[in-house]
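Participant:
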Amino acid sequence: AIRMLRDARPELSVGAGTILDRHMLKAAEEAGSQFIVTPGSTQDLLEAAALSELPLLPGISSASEIMIGYALGYRRFKLFPAEISGGVGAIKALGGPFPEVRFCPTGGVSAANLKNYMALPNVMCVGGTWMIDNAWVKNGDWQRITDATAEAIALFD
-17 AIRMLRDARP ELSVGAGTIL DRHMLKAAEE AGSQFIVTPG STQDLLEAAA LSELPLLPGI
43 SSASEIMIGY ALGYRRFKLF PAEISGGVGA IKALGGPFPE VRFCPTGGVS AANLKNYMAL
103 PNVMCVGGTW MIDNAWVKNG DWQRITDATA EAIALFD
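Residues in the sequence shown are numbered consecutively from -17, following the working numbering.
So this is what it looks like as structure tokens:
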């Protein structure tokens, strides 16, 4: 699917998410992924990704995981699941010992709290699925997805 999407829409940057180990990383590379996102971090996965040419956004939920990634040169992380890992308060607190680290919170981010996350100086972006309901995808309700996405974008105006 990654290769097909890249061929059909070359202007898009297409990545692979929920990569759990070095075997999945290799499969994503072979499929033509342009970047990788993980829900968590292991030493093995971070080391394998460091040898890859693909950019990696490693998932973390603690200062200890940041330190492991930091030691390998990572400065950008996905905080997952953001809300139950402390949300906005956790990101503010982590900015103290890690001032150069930037976060992409996902998991519990919604239209209701999006602005709170984006107001933080150490948040580079957010991820969420609130604008893409599984039923809408299953039913091919692309207009509803388009409208919900436009509403999410409008939150930044």
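Cβ coordinates follow ideal geometry from the N, Cα and C atoms, glycine included.
For residue 20, count the other beta carbons within 10 Å of its own beta carbon; 16 or more makes it buried, fewer makes it exposed. Which is it?
Facilitator: If you number the sequence shown from 1, residue 20 lands on position 38. Buried, by the Cβ-count rule.
Participant: Using beta-carbon positions only, say whether residue 1 and residue 25 come within less than 8 Å of one another.
Facilitator: Stepping through the sequence shown from its first residue, residue 1 is reached at position 19. Stepping through the sequence shown from its first residue, residue 25 is reached at position 43. Taking 8 Å as the Cβ cut-off, residue 1 and residue 25 do not qualify as a contacting pair.
Participant: Can you list, in chain order, the stretches of the beta strand (DSSP E) that have 3 or more residues and sit fully within the segment 46 to 116?
Facilitator: List check, beta strand (DSSP E) in window: 58 to 61, 84 to 87.
Participant: Enumerated in chain order, which unbroken segments of the alpha helix (DSSP H) with a length of 4 residues or greater are wholly contained in the segment 9 to 41?
Facilitator: Listed in chain order, the complete alpha helix (DSSP H) runs (minimum 4 residues) inside the segment 9 to 41 are 25 to 33.
Participant: Determine the direct distance from the alpha carbon of residue 125 to that of residue 93, and round the result to whole angstroms.
Facilitator: Translated into positions along the sequence shown, residue 93 becomes position 111. Translated into positions along the sequence shown, residue 125 becomes position 143. Straight-line Cα distance between these residues: approximately 18 Å.
Participant: So who's on the other strand from residue -10, going by DSSP bridges?
Facilitator: In the sequence shown, residue -10 corresponds to position 8, counting from 1. Answer is none; residue -10 lacks a bridge partner.
Participant: Tell me whether residue -2 sits in a helix, a strand or coil according to DSSP, three-state version.
Facilitator: Within the sequence shown, the letter at position 16 stands for residue -2. DSSP places residue -2 in strand when its eight states are reduced to three.
Participant: Cutting at 8 Å between CB atoms, please list the residues of its own chain near residue 90, excluding the five before and the five after it.
Facilitator: Residue 90 sits at position 108 when you count from the first residue of the sequence shown. For residue 90, where only same-chain residues beyond five positions count, the Cβ hits under 8 Å are 63, 64, 65, 66, 69.
Participant: If you count every other CB in all the chains shown that lies within 10 Å of the CB of residue 119, and 16 or more means buried, which is it?
Facilitator: Taking the sequence shown and counting its residues from 1, one reaches residue 119 at position 137. With fewer than 16 Cβ atoms within 10 Å of its Cβ, residue 119 is classed as exposed.
Participant: At the level of alpha carbons, what is the spacing between residue 11 and residue 4?
Facilitator: Position 29 of the sequence shown holds residue 11. Position 22 of the sequence shown holds residue 4. Going from the Cα of residue 11 to the Cα of residue 4 covers about 10 Å.
Participant: Can you tell which of 9, 117, 58 has its C-alpha closest to the C-alpha of residue 22?
Facilitator: One-based indexing of the sequence shown puts residue 22 at position 40. Of 9, 117, 58, the residue nearest in Cα terms is 58.
Participant: If you count every other CB in all the chains shown that lies within 10 Å of the CB of residue 30, and 16 or more means buried, which is it?
Facilitator: Numbered from 1 along the sequence shown, position 48 holds the residue referred to as residue 30. By the 10 Å Cβ count, residue 30 comes out buried.
Participant: Answer with buried or exposed for residue 18, where buried requires no fewer than 16 other C-beta atoms within 10 angstroms of its C-beta.
Facilitator: Sequence index remark: in the sequence shown, residue 18 carries index 36 (1-based). Counting Cβ neighbours within 10 Å, residue 18 comes out buried, since at least 16 surround it.
Participant: Since residue 98 and residue 77 are thought to touch, with beta carbons under 8 Å apart, how far apart are those beta carbons, to the nearest angstrom?
Facilitator: By 1-based counting over the sequence shown, the position of residue 98 is 116. By 1-based counting over the sequence shown, the position of residue 77 is 95. Contact flag wrong, Cβ pair sits at about 14 Å.
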